[in-house]
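Contents: one structure, followed by commentary.
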Amino acid sequence: MFANIKKKKQLKLASRKFNVTGEKITKAVIFTVLAVYAVSLLYPFLWMFYNSFKDIGDWRVNVNGLPTKWIFANYSQNLFTYKSAISGFNIPQMFLLSIGLTLAGTFLTVFFSTSAAYVVSKYDFWGKKLLYSIAVFVIVVPIVGTLPAKLQIMQSLGLYDNLVGMLFLYSSAFGMNFILLHGYFANISWSYAEAAFIDGASDADVFFRIMLPMGKGAVIAVAILQSIGIWNDYSTPLLFLPSMTTLAVGLDELQKSAIGTADYPTLFAAITVAVLPVITLFIAFQKTIIANTVAGGLKG
-4 MFANIKKKKQ LKLASRKFNV TGEKITKAVI FTVLAVYAVS LLYPFLWMFY NSFKDIGDWR
56 VNVNGLPTKW IFANYSQNLF TYKSAISGFN IPQMFLLSIG LTLAGTFLTV FFSTSAAYVV
116 SKYDFWGKKL LYSIAVFVIV VPIVGTLPAK LQIMQSLGLY DNLVGMLFLY SSAFGMNFIL
176 LHGYFANISW SYAEAAFIDG ASDADVFFRI MLPMGKGAVI AVAILQSIGI WNDYSTPLLF
236 LPSMTTLAVG LDELQKSAIG TADYPTLFAA ITVAVLPVIT LFIAFQKTII ANTVAGGLKG
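For the sequence shown, position 101 matches number 96 in the working numbering, and the numbering has no gaps at all.
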């Protein structure tokens, strides 16, 4: 009897050791696979970065190796001497223009989307469901199909090829931002607003002093994603702001120029300058983005 009990205990211990060992092996395999995948994603950026410090001759004979001599002229000189064939902007001017459009465009679209999402989710009025349906429909309709009509409207309003028109295009209240924020505000209890109304608060007070601070995390997450989208936007400035070259449009011109001149190190330097703000922004706010976005929606 005691022998059977001892044997069962030994079998349990062996089973536990086997499970622990199997779990460690599984974790090690998963970690190795993910580490290799992470390196495969990082390597192109590292390759581009150290190639941006080469001259054209070193680039031609030494594509994959480190620079034989580190050249900083691609950043300190070449980015300033390169001029856009259309607007005459250099890379720093394109950078500043993109920064301005990104900051102003993000503020406008997030403000209008937040306001619209809050009103539609919390107030009952005629056409409420229609507005939500329009917001969903705007996402479904292909953008290319609306471009001729949009271009004609912008020209007739006198908003074509100027910064005001670009900000007008970026200040839409509907779209994916509206859908995400609508779901977030819908999950906030209305009892907070009722208590504030009893104390004499106005609708604006409830929105700016209660609801907006409660939805701060979601609004910041949407603002970060929106700013990255505007920063990387190529087609809108190309079509509606032809006389001013943003960084995304300028990189395309520089790439075409590099094909003929083989000056890829300057192109790599420009791309490094372009991706640096996006990487910095994501690293600084990655916890906010992950904490407030889940599978394409927002946590309530």
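In this text, a Cβ means the ideal position worked out from N, Cα and C, and glycines have one as well.
State the DSSP-derived secondary structure class of leucine 220, mapped to helix, strand or coil. DSSP places leucine 220 within a helical segment (H, G or I) once states are collapsed to three.
Flag this pair as yes or no: are the beta carbons of phenylalanine 107 and alanine 168 separated by less than 8 Å? Yes, the pair counts as a contact, with Cβ atoms nearer than the cut-off.
Determine, using beta-carbon pairs with one atom in the segment 222 to 240 and one in the segment 79 to 95, whether at least three such pairs fall under 8 Å. Result yes; three or more Cβ-Cβ pairs closer than 8 Å.
Integer Cβ distance of alanine 265 from leucine 246, believed to fall under 8 Å: About 6 Å separates the two Cβ atoms, so the contact holds.
Out of Ser238, Val56 and Asn59, point me to the one whose CA is closest to aspartate 156's CA. Taking each of Ser238, Val56 and Asn59 in turn and checking the Cα distance to aspartate 156, the smallest one comes out for Ser238.
Who are the near neighbours of lysine 78 in its chain, counting only those whose CB is closer than 8 Å to its CB and skipping five residues on each side? For lysine 78, same chain residues with a beta-carbon under 8 Å away, outside a window of 5 residues either side, are Phe84 and Asn85 in chain order.
Give the list of continuous alpha helix (DSSP H) stretches no shorter than 4 residues that lie fully inside the segment 199 to 281. Runs of the alpha helix (DSSP H) lying entirely within the segment 199 to 281 and spanning at least 4 residues, in chain order: 211 to 226, 230 to 235 and 242 to 256.
On the DSSP letters alone, give me the boundaries of the alpha helix (DSSP H) that isoleucine 129 sits inside. That run of the alpha helix (DSSP H) goes 123 to 135.
Exposed unless 16 or more other CB atoms sit within 10 angstroms - verdict on glycine 60: By the neighbour-count rule (16 or more Cβ atoms within 10 Å), glycine 60 is not buried but exposed.
DSSP-derived helix/strand/coil call for valine 28: Assignment of valine 28 by DSSP, reduced to helix, strand and coil, places it in the helix class.
Between phenylalanine 277 and isoleucine 20, what straight-line distance do the alpha-carbon atoms span, to the nearest angstrom? Roughly 32 Å between the two C-alpha positions.
Where tyrosine 38 and alanine 30 are concerned, what is the direct C-alpha to C-alpha distance, given to the nearest angstrom? Tyrosine 38 and alanine 30: Cα-Cα distance of roughly 12 Å.
Straight-line Cα distance separating valine 56 from threonine 104: If you take the alpha carbons of threonine 104 and valine 56, they lie about 48 Å apart.
Does the separation of the CB atoms of phenylalanine 180 and lysine 117 fall below 8 Å? Yes.
Should the segment 139 to 150 be regarded as contacting the segment 182 to 202, the criterion being three or more beta carbon pairs within less than 8 Å? Counting C-beta pairs closer than 8 Å gives fewer than three between the segment 139 to 150 and the segment 182 to 202, which falls short of the contact rule.
Helix, strand or coil at leucine 154 [DSSP, three-state]: DSSP places leucine 154 in coil when its eight states are reduced to three.
For lysine 117, three-class secondary structure by DSSP: Reduced to three states, the DSSP call for lysine 117 is helix.
Do you know whose CA, among Ala99, Ala130, Val268 and Phe26, lies nearest methionine 43's CA? A check of alpha carbon separations from methionine 43 across Ala99, Ala130, Val268 and Phe26 identifies Val268 as the nearest.
DSSP state of aspartate 53 mapped onto helix, strand, coil: It is helical.
Would DSSP call phenylalanine 40 helix, strand or coil? Phenylalanine 40: helix per DSSP, three-state reduction.
Could you give the C-beta distance for isoleucine 225 and leucine 96, rounded to a whole number, given that I count them as a contact under 8 Å? That belief holds up - the Cβ atoms of isoleucine 225 and leucine 96 are roughly 6 Å apart, short of 8 Å.
State yes or no: is the C-beta of phenylalanine 202 within less than 8 Å of the C-beta of alanine 111? Going by C-beta atoms, phenylalanine 202 is not nearer than 8 Å to alanine 111.
Return helix, strand or coil for alanine 33, following the three-state DSSP convention. Alanine 33 falls in the helix class under three-state DSSP.
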